[in-house]
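Colleague: Using my numbering, the first residue of the sequence shown is number 10, and each one after it goes up by one.
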Amino acid sequence: MAFWKAIDRLEGGLASVGAGLCLFLIMMITVIGVLGRYLLGMDLIPGGYNMIERMLFPLLVFWAVPLGHRQGTFPRFDILADRMSPGWARAVAVLVLTVEIVIFAVLLWYLWQFAWDAAQSARQMQIGTRLWPVWPVMLMMPLAFALMLLEMVRLWWQALAGRPAGNDDVQESG
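1) Determine the closest residue to Leu-76 out of Ser-25, Ile-61, Leu-48 and Phe-123, with distance taken between C-alpha atoms.
2) Three-state secondary structure (DSSP) at Gln-180?
3) Can you round the beta-carbon distance between Ala-5 and Leu-106 to whole angstroms, since I take them to be within the 8 Å contact cut?
4) I need the DSSP call for Met-10, collapsed to helix, strand or coil.
5) Would you mind listing the beta strand (DSSP E) stretches within the stretch 96 to 145 that are 3+ residues and don't spill past its ends, in chain order?
6) Going by DSSP in three states, Leu-8 sits in which element: helix, strand or coil?
7) By how many angstroms is the C-alpha of Gln-80 removed from the C-alpha of Phe-71?
8) Give the straight-line distance between the Cα atoms of Ser-94 and Phe-154, rounded to the nearest whole angstrom.
9) Would you check if the distance between the CB atom of Leu-6 and the CB atom of Ile-88 is smaller than 8 Å?
10) Excluding sequence positions up to five away, which residues of its chain have a Cβ less than 7 Å from the Cβ of Leu-34?
11) Use the C-beta contact count for Asp-91: other C-beta atoms within 10 angstroms, 16 or more gives buried, fewer gives exposed.
12) Are the CB atoms of Leu-68 and Met-149 nearer to each other than 8 Å?
13) With a CB to CB cut of under 7 Å and the five nearest residues on each side skipped, what residues in its chain are close to Met-37?
14) Would you kindly report the start and end of the unbroken alpha helix (DSSP H) that includes Arg-92?
15) Rounding to the nearest angstrom, what Cα-Cα distance links Gly-56 and Met-10 in this structure?
16) Quick check: does the Cβ of Tyr-119 come within less than 7 Å of any heavy atom belonging to the ligand ADP?
17) In this structure, how does DSSP classify Thr-82 when only helix, strand and coil are distinguished?
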């Protein structure tokens, strides 16, 4: 129980603080860029577009997706499962979760290799006139996929045990 509460706090912090801060910075950079361009005729934040596109937006997405996955806010196609008997619905849930786990495990493997190579080579990108390290942003991709994979394994285990898929192991944060 304490493990799942810690994971929930981690995901909540990444989503609310990390992704929220990224969204705020995206809005500020955009507003300042537009004001500078159209009122002053100059670029007030050189490389602002690259900052948003290559740093802030990926961080926003990869910090928010695990919590969205845990809370079940993504669209689901469950019309068939609702019409099946409980035994068949459980079997379908186990099968679907097994396929998801395999796909996400393969993706996590390749994302980890990609991010690790970026960290090893100290990958950088040009923003404005300077080079910024981009590898810390890339390390957030495997973290997000690992958190989602962890949730899928939890749901898979619940489906195997015949318990309804829910957040009963985790206290809702908020």
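Note that beta-carbon positions come from the ideal geometry of N, C-alpha and C, so glycine has one too.
Modeller: Let me lay it out:
1) On the sequence shown, residue 76 is found 67 positions in, with the first residue counted as 1. The candidate whose alpha carbon is nearest that of Leu-76 is Ser-25.
2) Counted from its first residue, the sequence shown places residue 180 at position 171. Unreliable placement is indicated for Gln-180, whose pLDDT of 46 sits below 50; the coordinate value is still reported in the next sentence. It is coil, neither helix nor strand.
3) With the chain running from 10 to 183 in the structure shown, residue 5 is simply not present.
4) Looking up residue 10 in the sequence shown gives position 1. When secondary structure is reduced to three states using DSSP, Met-10 falls in the coil class, being assigned neither helix nor strand.
5) Uninterrupted beta strand (DSSP E) stretches at least 3 residues long and entirely within the stretch 96 to 145 occur at 133 to 136 and 139 to 142, given in chain order.
6) Outside the shown range of the chain, which is 10 to 183, sits residue 8, and nothing can be said about it.
7) Position 62 of the sequence shown, counted from the first residue, corresponds to residue 71. Position 71 of the sequence shown, counted from the first residue, corresponds to residue 80. When only Cα atoms are considered, Phe-71 and Gln-80 end up about 15 Å apart.
8) Taking the sequence shown and counting its residues from 1, one reaches residue 94 at position 85. Taking the sequence shown and counting its residues from 1, one reaches residue 154 at position 145. If I take the Cα positions, the gap works out to 32 Å.
9) Outside the displayed range of the chain (10 to 183) lies residue 6, so it cannot be described from this structure.
10) Residue 34 sits at position 25 when you count from the first residue of the sequence shown. Here the set comprises Leu-65.
11) Reading the sequence shown from its first residue, position 82 is the one you call residue 91. Residue burial is scored here from C-beta neighbours: Asp-91 has fewer than 16 other C-beta atoms within 10 angstroms and is therefore classed as exposed.
12) Looking up residue 68 in the sequence shown gives position 59. Looking up residue 149 in the sequence shown gives position 140. At the C-beta level, Leu-68 and Met-149 come within 8 Å of one another.
13) Residue 37 sits at position 28 when you count from the first residue of the sequence shown. Here the set comprises nothing.
14) Locating residue 92 in the sequence shown gives position 83, where the first residue counts as 1. Counting along the chain, the alpha helix (DSSP H) containing Arg-92 begins and ends at 88 to 92.
15) Mapped onto the sequence shown, residue 56 falls at position 47. Mapped onto the sequence shown, residue 10 falls at position 1. Whole-angstrom Cα-Cα distance: 45 Å.
16) By its list of ligands, the structure shown contains no ligand whatsoever, and the ligand ADP lies outside what it can speak to.
17) Within the sequence shown, the letter at position 73 stands for residue 82. Assigned with DSSP and collapsed to three states, Thr-82 falls in coil, not helix or strand.
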